[in-house]
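There are 2 protein chains.
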Amino acid sequence: MDAVFKALADESRRKLLDQLHRSNGQTLGELCAHLDMTRQAVTKHLLLLEAANLVAVVWRGRKKLHYLNPVPIHEISERWIGKYERLHLQALGDLKKGLEQHKTNDEN
Amino acid sequence: MDAVFKALADESRRKLLDQLHRSNGQTLGELCAHLDMTRQAVTKHLLLLEAANLVAVVWRGRKKLHYLNPVPIHEISERWIGKYERLHLQALGDLKKGLEQHKTNDEN
DNA sequence: TTGACATGCAACCTTTAGGTTGCCTATTAT
DNA sequence: ATAATAGGCAACCTAAAGGTTGCATGTCAA
Numbered sequence: 001m002d003a004v005f006k007a008l009a010d011e012s013r014r015k016l017l018d019q020l021h022r023s024n025g026q027t028l029g030e031l032c033a034h035l036d037m038t039r040q041a042v043t044k045h046l047l048l049l050e051a052a053n054l055v056a057v058v059w060r061g062r063k064k065l066h067y068l069n070p071v072p073i074h075e076i077s078e079r080w081i082g083k084y085e086r087l088h089l090q091a092l093g094d095l096k097k098g099l100e101q102h103k104t105n106d107e108n
Numbered sequence: 109m110d111a112v113f114k115a116l117a118d119e120s121r122r123k124l125l126d127q128l129h130r131s132n133g134q135t136l137g138e139l140c141a142h143l144d145m146t147r148q149a150v151t152k153h154l155l156l157l158e159a160a161n162l163v164a165v166v167w168r169g170r171k172k173l174h175y176l177n178p179v180p181i182h183e184i185s186e187r188w189i190g191k192y193e194r195l196h197l198q199a200l201g202d203l204k205k206g207l208e209q210h211k212t213n214d215e216n
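Chains as they are written, first to last, in the numbering used here: chain Z, 1 to 108; chain V, 109 to 216.
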């Protein structure tokens, strides 16, 4: 899971994921077009995304096609974010409860 | 939002958040007890978490109390993860549809 | 079959991240 | 008043991250 968090920490890599979200199965060259850095730099970012299992690769001749894998993001959301999400909702609930108490009981 | 992703990228910082999730409002010293590094290192991590607005701080005398703020995590979940979550559900849906077609139409 | 295209590999550089050590300051308790 | 406690500040170190350049390789198209 650490690899996924690390992979998501970089703006360029998030842009790559967004790019694949817009149009899945793009080649390295196509993905490069949207980032202001050399092809080799993009390659490195994509290798990290592959290592985190966020991107899967299929070779077709000399072309390397990249596909988004949403599963790791889903897992993070389930096992990690969900916990804090519940806390957030609870905080909102407490706030609401507090406000309602205010309505019926002004000395608080 | 970048600051939040970066803050979450480090295992020690995630542990700090988990620690606060277990027991909110801990002092620096208390938080240090759970990590195998110097107080100063922990301070740096906490400063990053504060910068990302994931942790809020209240001074009480010489004690620095740390409180978890789940809002940024919620925002990430809403504006970023949700998008890929939907993709994931859609993929599952497509898979399910495919299986059902298999049941009724075996030549696929 | 040869040139252009798509990508890989490896060495290198610079900045940042994570951590340590040493010392200083402010608050609390005796 | 003073000693112990809780924490801040700043310099420093090392490793890793992000990026570049140069050259090599495999595939396609004329």
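Think of the CB as a built atom: it goes at the ideal place given N, C-alpha and C, for glycine as much as any other residue. If you're wondering where the values come from, they're calculated on a predicted model, not measured in any experiment.
| Item | Value |
| --- | --- |
| Are three or more beta carbon pairs between the stretch 184-200 of chain V and the stretch 70-86 of chain Z nearer than 8 Å? | yes |
| Given a threshold of 16 other Cβ atoms within 10 Å of its Cβ, counted over all protein chains shown, does K63 (chain Z) qualify as buried or as exposed? | exposed |
| I'd like to know if A160 (chain V) contacts chain Z, where contact means its C-beta is closer than 8 Å to some C-beta of that chain. | no |
| Report buried or exposed for Q40 (chain Z), applying the criterion of at least 16 other Cβ atoms within 10 angstroms of its Cβ. | exposed |
| Is there contact here, the stretch 158-169 of chain V with the stretch 43-55 of chain Z, by at least three beta-carbon pairs under 8 Å? | no |
| Alpha carbon to alpha carbon, how far is K191 (chain V) from N53 (chain Z)? | 18 Å |
| Might you give, ordered along the chain, the residues of its own chain that have their beta carbon closer than 8 Å to the beta carbon of V4 (chain Z), omitting 5 neighbours on each side? | A52, N53, L54, P72, I73, E75, I76 |
| Hey, is G133 (chain V) close to the ligand PLP, as in C-beta under 7 Å from one of its heavy atoms? | The ligand PLP is not part of the structure shown, which contains no ligands of any sort. |
| Along the chain, which unbroken stretches of the beta strand (DSSP E) at least 3 residues long are found entirely within the stretch 150-177 of chain V? | 163-168, 171-176 |
| If contacts are defined as beta-carbon pairs under 8 Å, then H66 (chain Z) and L35 (chain Z) qualify, I think. What distance do you get, rounded to the angstrom? | With 8 Å as the limit, H66 (chain Z) and L35 (chain Z) do not qualify as a contact, their Cβ atoms being about 13 Å apart. |
| Looking at the C-beta of S77 (chain Z), does it have a partner C-beta in chain V at a distance below 8 Å? | yes |
| I want to verify the contact list: residues of chain V whose CB lies under 7 Å from the CB of A9 (chain Z), in sequence order. | F113, K114, A117 |
| Assuming L17 (chain Z) and Q26 (chain Z) form a contact by the criterion Cβ under 8 Å, report the distance between their Cβ atoms to the nearest whole angstrom. | Rounded, the Cβ-Cβ distance is 11 Å, inconsistent with contact. |
| Check the DSSP bridge columns for T135 (chain V) and list the partner residues they point to. | V:L173 |
| Listed in chain order, which residues of the stretch 52-73 of chain Z have Cβ atoms closer than 8 Å to some Cβ of chain V? | L68, P70, V71, I73 |
| Within the continuous alpha helix (DSSP H) that includes L143 (chain V), where are the two ends? | Looking at the DSSP string, L143 (chain V) is not in any alpha helix (DSSP H), and its letter there is neither H nor E. |
| Can you tell me whether DSSP reads A111 (chain V) as helix, strand or coil? | helix |
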